[in-house]
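What follows is a set of notes on a single structure, which appears directly below.
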Amino acid sequence: MTFSIIILGGGLAGLSYAYGQLRKANNSVTIIEKNDTVGGLMRTFNLSGFLFDFGPHIFRSKDERILNFVKDLLHNDYLRVPSNPAIFKYRKFFDNVIPSITYRSIERLPSKIKEKVERELKDSNSRKLCLTNFEECIRSQVGETLYWEFFGEYTKKFWGIDPKNLSPDLAPKNLTISEEKSYAHITTDFEKPSEEIYPTTGGIFKIVKKLEDKIRATKNPIFTSSNIKKLEVDGDEIAKIIIEKDMDEIEISTSRKLVVSTIPLTLLCKMLGMEINLSYRGDICIFLRLKGNKMLNFSWVYFHDHDIAFSRIHEPIYYSMYNVPNGYTSLCVEVTSFENDANWKDKYLGERVVEQLIDLGIIKKSQEPEILAIEKYAYAYPIYTVDYKKKLEEVFNKLKFFKNLKVIGRTGSFSYLNMWECLKWAVY
């Protein structure tokens, strides 16, 4: 049997595209996935009954049709889980309800900082929105101090780049000072979603698993543990893919077939012999087991201080009680990093993180924290520098040369896509 479509990467975008082709066009597909399971960034790790997503995931959508598609996939077995994030700084919790900065958060700032904020806000009516870069976009809306306290400090830590060098595309353009306490997100244009859901059991991976099951039921293959070693080109066509599986090299002919890539754009271009000046921010997830009950009433918490190794935590039990065994809770602790950074290479990072969590009072020694696993992914976040659009356009113009290549997905197209945007290929 020959396959008309070869999909590189078995994350949500790859599975979504495959399912859409099978459902709408009856095309045959094959999926090649490097890891031993599909899912990509939507994998859920089951560690002795403790379920950890790779970072916090709540399904939200601006598109009701896609939302209903996911509900049907889950056979309506889901929970309504609201986004309720917080910021932890000055050993206090602050509201994090973009696009609003709450009066409560301003009141909780140290008195000298609060005085500066009040002076700056008096001049806010005379400001015009500036779209030069991330920093100027936020400063032009709320002033220097609120920018640094609630955006700049964390942004510099999270991305590892001066916010002056980041695109304003990453910044909300509708910031207000108010009592509004509902949360919005960059992937919904900072507009509040109508509904947010999470699978009752199985973690966020349940959505991916249901798609995988539907594809496998059609007898179209999904090759896991298959590392793409090389792409061979013949003229303006990708003619062959060389994969490594079980210590063997396998050649897959792609002549006259469509190759759909969801793998990191930088890796794809490297295999095609193209230079590319774009990069990703990596993420390290440290999974902790803890004795006791639920600790936090937040969906996730940001940590701005640069002396704290981690940038964000979430407690899986917030999403579903079935994510932990009885009598326990757990934490996913995230450290953003580049592969050549000290944190990426630090073999004692987990222990250091536990010590800092105890020092901050987030967890206690009496909970007997245990590191169950540490997972790393170097291509978690496409970095939107101020000139990323120009660079991306140049890359896509070069890729157009290959007549049988299509690039999609978050890492594949270097786009800050949420889950609902990756599912459009399954629905439309």
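So the sequence shown is numbered by the numbering used here: it starts at 1 and just counts up by one.
We put the CB at the ideal spot given by N, CA and C, even for glycine.
Quick caveat, the model's predicted, so the values are computed rather than measured.
The alpha helix (DSSP H) enclosing residue i, as first and last residue numbers
i	result
residue 330	Here residue 330 belongs to no alpha helix (DSSP H); instead the beta strand (DSSP E) covers 328-337.
residue 266	265-271
residue 294	No alpha helix (DSSP H) contains residue 294, which DSSP labels as neither H nor E.
residue 392	388-399
residue 214	205-216
residue 19	12-20
residue 427	424-427
residue 343	342-345
Residue i versus the options, residue with shortest Cα-Cα distance
i	options	result
residue 236	116, 242 and 259	259
residue 56	286, 30, 226 and 98	286
residue 304	63, 86 and 18	86
residue 41	67, 143, 14 and 156	14
residue 77	215, 417 and 69	69
residue 388	72, 413, 194 and 98	413
residue 167	152, 131 and 51	131
residue 246	228, 262 and 106	228
residue 335	310, 106 and 358	310
residue 83	340, 390 and 301	301
residue 122	177, 250, 6 and 104	177
residue 49	403, 425 and 321	321
residue 329	133, 289 and 319	289
residue 95	208, 179, 397 and 426	179
residue 19	215, 382 and 255	215
residue 348	103, 374, 397 and 317	374
residue 367	331, 350 and 376	331
residue 254	402, 424 and 11	402
residue 164	135, 152, 148 and 174	135
residue 11	264, 376 and 113	264
residue 17	360, 231, 233 and 212	212
residue 36	244, 392 and 315	244
residue 133	117, 161 and 146	161
residue 378	200, 362, 393 and 340	340
residue 284	395, 372, 337 and 116	337
residue 150	67, 415, 99 and 291	99
residue 129	115, 118, 47 and 175	175
Extent of the continuous beta strand (DSSP E) to which residue i belongs
i	result
residue 245	237-245
residue 105	Note, residue 105: premise wrong, no beta strand (DSSP E); alpha helix (DSSP H) at 103-107.
residue 371	370-382
residue 122	Segment 111-122 is the alpha helix (DSSP H) holding residue 122; no beta strand (DSSP E) there.
residue 87	86-89
residue 94	92-95
residue 358	Run containing residue 358: none in the beta strand (DSSP E); it sits in the alpha helix (DSSP H), 349-360.
residue 232	226-234
residue 253	248-253
residue 302	301-303
residue 406	405-407
residue 177	176-178
residue 81	Run containing residue 81: none; DSSP gives neither H nor E here.
residue 260	258-261
Own chain partners of residue i with C-beta closer than 7 Å, once the 5 adjacent residues on each side are dropped
i	result
residue 169	384
residue 203	44, 51, 53 and 323
residue 63	420
residue 251	240 and 242
residue 205	39, 42, 43 and 44
residue 422	12, 13, 16, 409 and 410
residue 415	382
Supposed contact pair residue j and residue i - C-beta distance, whole angstroms, cut 8 Å
i	j	result
residue 308	residue 356	6 Å
residue 280	residue 171	That belief does not hold up - the Cβ atoms of residue 280 and residue 171 are roughly 19 Å apart, past 8 Å.
residue 59	residue 197	5 Å
residue 7	residue 27	At roughly 11 Å, the Cβ-Cβ gap does not stay under 8 Å, so residue 7 and residue 27 are not in contact.
residue 261	residue 34	Their Cβ separation, rounded to whole angstroms, is 13 Å, which puts residue 261 and residue 34 out of contact at 8 Å.
residue 271	residue 398	Wrong, their Cβ atoms sit about 13 Å apart, outside the cutoff.
residue 376	residue 344	7 Å
Beta-carbon proximity list for residue i, same chain, < 6 Å, skipping 5 on both sides
i	result
residue 127	140
residue 306	157
residue 22	218
residue 429	The structure shown does not extend to residue 429, since the chain is modelled only from 1 through 428, so no value can be given for it.
residue 88	301 and 303
residue 333	286, 310, 313 and 353
residue 1	With a pLDDT of only 44 at residue 1, under 50, the local geometry of the prediction cannot be trusted, and no value is derived from it.
residue 410	417
residue 428	none
Contact set for residue i: own chain, Cβ-Cβ below 8 Å, skip 5 residues either direction
i	result
residue 210	73 and 74
residue 318	81, 294, 296, 297, 298 and 299
residue 358	364, 365 and 369
residue 92	108
residue 406	258, 259, 260 and 261
residue 361	91
Heavy atom of the ligand GTP within 6 Å of residue i beta-carbon
i	result
residue 12	No copy of the ligand GTP occurs in the structure displayed, which carries no ligand at all.
* Can you list the beta strand (DSSP E) stretches of 3 or more residues lying completely in the region 25-68, in chain order? -> 29-32, 44-47 and 50-53
* Asked: Where in the region 125-164 do unbroken runs of the alpha helix (DSSP H), each at least 4 residues long, occur, reported from the N-terminal end onward?
  -> 134-142, 144-147 and 153-159
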